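Chemist:
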Amino acid sequence: MSDLKTYLASKYMSGPKADAILARAGGDAPKKRRKKVKNNEDYVGGESSGSRLKLQDEDEWGGGRGEDVDLEGADAPVVGKGLSTFKKGKSAWSTVGATSIPVASSSRTGGDRADDDDNGVKAEPTDPASPPKQLTKRRGGLRTAAQIAAEAAQEAAEARSPSPEPEYDVTATVHRDQSGRVLDVNELRDAARREEEDERRKEAERKEWGKGLLQREEREKRAREERKMGERDVARRADDVEMNQEMREQERWNDPAAKFLTKKSKKGPRYPTYKGPFAPNRFGIAPGFRWDGVDRSTGFEKKYFQAQNAAARRTLEANAYSMEDM
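Quick note on numbering: the sequence shown equals residues 1 to 326 in full-length UniProt numbering.
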C-alpha cells in the first residue's frame, strides 16, 4: 500500500502532501524528473536586450531558486545573438543642411555584416559608390582649380538661363460671380461686342425693310454708277457711246419718238395687266387682269366725269354766244 501511495505521489501528485509522502517513503522513491526547457525564442532574450530568461515549473519556483544552474546540462538556458526575428527597418532620413547626401542605411557596420554571415544571410553586392550630389552652392574641403572653375561656369550658366515663366499672370485680378465661378473678363467683353454688332446689324436690316424695293434698286444702281465714274475720265464728249446709250434708254412721258426709238430695257417675266377698255376714274388706276368687264361700282365716277363734261360744255357755249355778235 505504501508503494502505491509513493508511486501515485511521484507520478500524479504535487505540493507539500506529495513531498511528505515521498519523505516518509525514504530515498528509495524515484526522483521527479525536471521538465526540459525547449529552445524557444519566446522565453529567450534577443540580441538587443541580452537578458537571460528561463521558464520554471511551479514546484521548482520555491526550492530551486538557490540552486546553481548547470550551464552544461540539458536545462541550460540558450542565450546568444542573432536569435531574434526582429530586424531594424532601413532609415530614409537625411540630415538637413548637410553638404552631401548621407550614405544609404543599407550600408552597415562590419559587426552587423559578420552577424549576417553567421546567420547564413549573404549581403547583396552593391554598385560602386557614385559621387555625392551637392545640396549647397559651395562645397567645403580641398578642391582643385579645375573644379572651382567648373562650378563657377555652371553658376554663370544658370544665372544667364531665363527662369521659366508661369503659364498665367499671377498679378491678374480674378473676377468671380455670386456662385464663386471664375469669370473671364476678355471673354465677357468679346461676347458684349458681338451682341452689340448683332444689334447694329439687325437695326440696319429693320431700316432696310422699311424702305421699298424700288428705292433699294435705285440706291444700288447709283452706287454702281459712282464706282464706274470713279474709274473713268472726268471729261465726257458728244461721241461718248455709254452716255448716249443711257440717254436713249431714259423714258420720258412726253417723248413723241419713244414708241419707235426707245427700246424697253426690262426683259423677262412681267406682271399681267388688263388689256381691254375700261371706264376712266379720277386716279387713273387700271383694273386687274382678271376683270370680267362688269362695272360693279355705285356710278359715282361716271356721274363725276359727266358733271365735269357738262360744265365744260356750258362754259364753251357761253363763250361762243358772247362772241357771236363780234
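Ideal placement from N, C-alpha and C gives every residue a C-beta, glycine not left out.
Fair warning: this is a prediction, and the values are worked out from it, not measured in the lab.
#1: Mapping DSSP to helix, strand and coil, what is LEU183?
#2: In angstroms, rounded to a whole number, what distance separates the CA positions of ALA257 and ARG224?
#3: Verify whether the separation of the beta carbon atoms of ASP295 and ALA307 is less than 8 Å.
#4: Report yes if the CB atom of PHE283 is closer than 8 Å to the CB atom of THR273, and no otherwise.
#5: When the Cα atoms are used, what is the spatial distance from ASP42 to ASP3?
#6: In whole angstroms, give me the CA-to-CA distance for GLU301 and ASN281.
#7: Does any residue of chain C have a CB that is nearer than 8 Å to the CB of GLU196?
#8: Taking a contact to mean a Cβ-Cβ separation below 8 Å, would you say VAL170 touches VAL182 in this structure?
#9: Residues in its own chain within less than 7 Å of PHE305 by CB, not counting five upstream and five downstream?
#10: Write down the C-beta distance between MET243 and ARG252 rounded to the nearest angstrom, noting that I regard them as a contact closer than 8 Å.
#11: Should SER14 and LEU22 be called a contact, given that it needs their Cβ atoms to be closer than 8 Å?
#12: So the alpha helix (DSSP H) ILE148 belongs to, where does it begin and stop?
#13: Would you call the CB atoms of ALA20 and THR6 closer than 8 Å?
#14: Along the chain, where does the alpha helix (DSSP H) containing VAL241 start, and where does it finish?
#15: Does the separation of the CB atoms of GLY293 and GLY276 fall below 8 Å?
#16: Distance check for ILE285 and LEU213, CA to CA, integer angstroms please.
#17: Would DSSP call ARG193 helix, strand or coil?
#18: Please classify ALA18 as buried or exposed, where buried requires at least 16 other C-beta atoms within 10 Å of its C-beta.
#19: Rounded to a whole number of angstroms, what is the C-alpha to C-alpha distance between MET247 and VAL241?
#20: Just reading off the alpha helix (DSSP H) that residue 405 is part of, what are its end residues?
#21: Expressed to the nearest angstrom, what Euclidean distance is found between the alpha-carbon atoms of ALA157 and ALA192?
#22: On the three-state DSSP scale, how would you describe ARG176?
Modeler: To lay it out plainly:
#1: The answer is strand: DSSP assigns LEU183 an E or B state.
#2: ALA257 and ARG224 have their alpha carbons spaced roughly 29 Å apart.
#3: Against a cut-off of 8 Å, the Cβ pair of ALA307 and ASP295 comes out as no contact.
#4: No; because the gap between Cβ atoms is not below 8 Å, this pair is not in contact.
#5: Model confidence at ASP42 stands at a pLDDT of 48, short of 50, so the residue's coordinates are unreliable; what they give is reported in the following sentence. Rounded to whole angstroms, ASP42 to ASP3 spans 40 Å at the Cα level.
#6: Going by C-alpha positions, GLU301 is about 6 Å away from ASN281.
#7: The structure shown contains no chain C; it holds only a single protein chain.
#8: No. Outside cutoff.
#9: Excluding positions up to five away in sequence, the list reads PRO280.
#10: The C-beta distance from MET243 to ARG252 rounds to 17 Å, too long to meet the 8 Å contact threshold.
#11: No, these two residues do not count as a Cβ contact at 8 Å.
#12: If you look at ILE148, you'll find it in the alpha helix (DSSP H) that goes 145 to 160.
#13: No, Cβ-Cβ distance for ALA20 and THR6 is not below 8 Å.
#14: From DSSP, the alpha helix (DSSP H) with VAL241 extends over 241 to 249.
#15: Between GLY293 and GLY276, the C-beta gap is smaller than 8 Å, which places the two residues in contact.
#16: Rounded to whole angstroms, LEU213 to ILE285 spans 21 Å at the Cα level.
#17: ARG193 falls in the helix class under three-state DSSP.
#18: Under this definition ALA18 is a buried residue.
#19: In this structure, the alpha-carbon of MET247 lies about 10 Å from that of VAL241.
#20: The requested residue 405 does not occur in the structure, where the chain is confined to residues 1 to 326.
#21: Answer to the nearest angstrom: the Cα atoms are 48 Å apart.
#22: ARG176: strand per DSSP, three-state reduction.
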